[in-house]
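In what follows, a single structure is set out as structure tokens and then discussed.
Numbering (the numbering used here), first residue to last: 229 to 330.
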């Protein structure tokens with residue numbers, strides 16, 4: 229978990245958000261954990277590290293950013309959705325984006 233926190237911290241120094249995909253999430257929170265419980269654990273991790281987290285294609289990608297910062301780098305009172313680069317954006321039929329900000 230410390231390795232993941234360090235990676236996210238390093239990426240957030242140079243960019244506005246850090247995308248962590250399922251293969252990396254599964255190293256800390258195995259996909260065998262019930263989806264809701266897994267998301268709760270990731271949310272607690274984000275809160276502990278003073279980050280907000282947004283889930284895209286549930287279980288596939290978690291976007292972390294510094295708390296209180298919108299995707300365009302401005303402080304935000306309301307949450308906003310992040311746009312993933314088109315080359316990395318994946319969709320699964322029947323799943324909608326779910327946006328959570330802690």
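We put the CB at the ideal spot given by N, CA and C, even for glycine.
Just measuring C-alpha positions, the residue of 267, 250 and 236 sitting nearest residue 295 is 236.
Excluding its 5 nearest sequence neighbours in each direction, residue 269 has C-beta neighbours in its own chain below 8 Å: 257 and 261, listed in chain order. When secondary structure is reduced to three states using DSSP, residue 267 falls in the helix class. With respect to the C-alpha of residue 275, the residue from 241, 247, 265 and 293 having the closest C-alpha is 293.
CA-CA distance, residue 264 to residue 251, rounds to 17 Å.
Short of 8 Å from the beta carbon of residue 229, and not among the five residues preceding or following it, lie these beta carbons of its own chain, in chain order: 256 and 273. Beta bridge pairing from DSSP links residue 279 with 294. Note on residue 278: under 16 other CB atoms within 10 angstroms of its CB, so exposed under the neighbour-count rule.
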